[in-house]
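Here the structure comes first, spelled out in C-alpha cells, and everything after it is commentary.
2 protein chains.
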Amino acid sequence: MKLSAGVEWAIHCCVVLSLAERPVPGARLAELHGVSKTYLAKHLQALARAGIVQPSEGRDGGYALTRDPAGITVLDVVRAIDGPEPAFRCTEIRQQGDLAAPPEECRQACGVAQVMAEAEQAWRTSLSGRTIAELAATVDGAAVRATI
Amino acid sequence: MKLSAGVEWAIHCCVVLSLAERPVPGARLAELHGVSKTYLAKHLQALARAGIVQPSEGRDGGYALTRDPAGITVLDVVRAIDGPEPAFRCTEIRQQGDLAAPPEECRQACGVAQVMAEAEQAWRTSLSGRTIAELAATVDGAAVRATI
DNA sequence: GCAGCACTACTCGGATATCGTATGTCCGAGTCCAATCGG
DNA sequence: CCGATTGGACTCGGACATACGATATCCGAGTAGTGCTGC
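Residue numbers (my numbering), protein chains in the order written: chain A, 22 to 169; chain B, 22 to 169.
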C-alpha cells in the first residue's frame with residue numbers, strides 16, 4: 022500500500038493557502054515547498070476539480086481555498102488527490118476456481134472484503150476528524166504570511 | 022492508495038489452509054481460487070518468510086499454517102504481503118524550499134505526518150482485531166474440506 | 001484629467017515522455033513417497 | 001515376508017520479462033492588470 026507523494030504536497034499547500042490572504046500561484050507554492058512546479062500543478066488541478074481550491078487566471082492570479090479551512094478535512098484532500106476508490110478491491114475470487122461458492126451464498130459481501138472495508142472506514146473516519154485549520158495552527162502563521 | 026491484489030489471494034489462502042487437515046500445494050491453492058499459480062507462489066513465499074505458513078517439500082508437500090488460525094490476524098497477512106512500511110511517507114518538505122522551517126521547530130514529527138500516522142494506526146488496529154479463524158467461520162468448512 | 005484601448009506578462013490547463021513497481025512467467029535445486037529388488 | 005535401494009515425480013525457491021500507473025515535463029489557450037494614446 023502506497024500513498025502518492027502528491028498527497029503530502031497537497032496538504033501542505035492547503036495549509037499555506039489557509040494562511041494566505043490573496044491567491045498564490047502554483048509556481049510559487051512549488052517554490053515554497055521545494056518541489057516540482059509542473060507536477061504540483063497537476064495535483065492543484067485535482068484539488069480544483071474537487072472544489073477545494075479555486076483558481077484565478079491572469080496576472081496576480083493563483084489558487085485560493087474555496088471555503089473556511091475548518092471545513093476542509095484531511096480526508097477531503099486525500100480523496101481529491103488519491104481518488105475515491107478504496108485501496109482494497111474485492112475481485113470475488115470466492116466465485117472463481119474449484120472452490121467457487123454458489124451464487125446464493127454470495128448475496129452479501131465477502132467476509133474478507135467486509136473486514137478490509139471496515140478497516141478503511143476506520144482510516145477515513147480518523148482523517149475526516151482532522152481539518153486543515155487544525156494543521157495550520159501548528160505552524161508559525163506569521164512567518165508563513167511573511168514568506169508567501 | 023492501492024493494495025496489492027495478492028493481499029486478497031493470501032487471505033483467502035490462509036482461510037483455506039485453516040480448514041485443511043494436510044498441507045496444500047501452492048498450485049492447488051491457485052486452482053481452488055482460479056488465479057495464477059506462479060504468481061500466487063510468490064505471495065506464499067512471502068507468507069512463509071513472515072512465519073505464517075510452513076512449506077513442506079517433496080511429494081504430498083505443500084503449505085500449512087504454522088499456528089492456530091485464531092492467532093493469525095488479518096493484519097499479519099496484510100503486512101506479510103504488502104510490507105511493513107507505512108502508506109504515507111513524510112518527506113519533510115517543511116524543511117525544504119522558501120518556507121523551510123528552522124530545525125528547532127522540527128524536533129517532533131510534522132503535524133501532517135502525525136495525522137496520517139494516526140489514521141494508519143486506526144486502520145491497523147481494525148485489521149489486527151480480526152483473525153483468520155473468524156473469516157473461516159463465515160464459509161462452508163465441510164464443502165471446502167471436500168473440495169481441497 | 002479621464003476614458004478607452006492595445007499590449008504584455010502572467011496564469012492555468014491538458015497533452016506528452018520517463019521511471020519504478022506490481023504483475024506475471026520460467027526453469028532449476030531439493031525432497032519425499034513408492035515401487036522394486038535382493039536377502 | 002521384510003528391509004534397503006533406486007527411481008521418479010512432485011514440491012518449493014529464486015531469477016527473468018511485461019504492463020500499468022505514478023512521476024515529471026512541456027507547450028498552448030486564456031485572462032487580468034498596466035501603460036499609452038487620444039480626447
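Think of the CB as a built atom: it goes at the ideal place given N, C-alpha and C, for glycine as much as any other residue.
- Close to Ile114(A), with beta-carbon spacing below 8 Å, are these residues of chain B in chain order: Glu29, Trp30, His33, His54, Gly55 and Val56.
- Assignment of Val45(A) by DSSP, reduced to helix, strand and coil, places it in the strand class.
- Under the three-state reduction of DSSP output, Val95(A) falls in the helix class.
- Judged by DSSP in its simplified three-state form, Gly132(B) adopts helix.
- Rounded to the nearest angstrom, the gap between the Cα atoms of Ser77(B) and Ala157(B) is 23 Å.
- DSSP lists Gln75(A) as the beta-bridge partner residues of Ala85(A).
- In the DSSP assignment, Thr112(B) forms no beta bridge with any residue.
- For the pair Thr59(B) and Gly72(B), the CB atoms are not nearer than the 7 Å cut-off.
- For Ala130(B), no Cβ of chain A is located within less than 7 Å of the residue's own Cβ.
- With respect to chain B, the C-beta atom of Leu24(A) has a partner C-beta closer than 7 Å.
- Burial state of Thr94(B) is buried, judged by a 10 Å Cβ sphere holding 16 or more other Cβ atoms.
- Spanning the alpha carbons of Arg110(B) and Ala31(A) requires a straight line of approximately 14 Å.
- Shortest Cα-Cα distance from Val37(A) to any of Ala121(B), Thr112(B), Gly55(B) and Gly79(B) involves Ala121(B).
- When Cβ pairs closer than 8 Å are counted between the two stretches, the region 132 to 145 of chain B is seen to touch the region 135 to 153 of chain A, the count reaching three or more.
- In summary, the residues of the region 152 to 164 of chain B whose CB is separated from some CB of chain A by less than 7 Å are Leu156 and Thr159, in the order they occur in the chain.
- Here Thr159(B) carries a coil assignment [DSSP, helix/strand/coil].
- Using a CB distance below 7 Å, the part of the region 76 to 107 of chain B facing chain A consists of Val95 and Asp103, ordered along the chain.
- The C-beta of Ala101(A) has 16 or more other C-beta atoms within 10 Å across all chains shown, which makes the residue buried.
- Boundaries of the alpha helix (DSSP H) harbouring Gln66(B): Lys58 to Arg70, taken from the DSSP string.
- Inter-residue distance for Pro90(B) and Ala154(B) is about 5 Å (C-alpha atoms, whole angstroms).
- Close to Thr168(A), with beta-carbon spacing below 9 Å, are these residues of chain B in chain order: Asp119 and Leu120.
- In the DSSP assignment, Leu40(A) falls within the alpha helix (DSSP H) that extends over Ala26 to Leu40.
- Excluding its 5 nearest sequence neighbours in each direction, Glu52(B) has C-beta neighbours in its own chain below 8 Å: Lys58, listed in chain order.
- DSSP lists Thr94(B) as the bridge partner or partners of Thr152(B).
- By the neighbour-count criterion, in which 16 or more other beta carbons inside 10 Å mark a residue as buried, Ala134(A) falls on the buried side.
- By the rule that beta-carbons nearer than 7 Å mark a contact, Ser39(B) does not touch chain A.
- The straight-line gap separating the alpha-carbon atoms of Gly55(A) and Thr159(A) is approximately 20 Å.
- As the crow flies, the alpha-carbon of Val45(B) is around 11 Å from that of Leu65(B).
- Here Ala48(B) is not near Met22(A), since their CB atoms are 7 Å or more apart.
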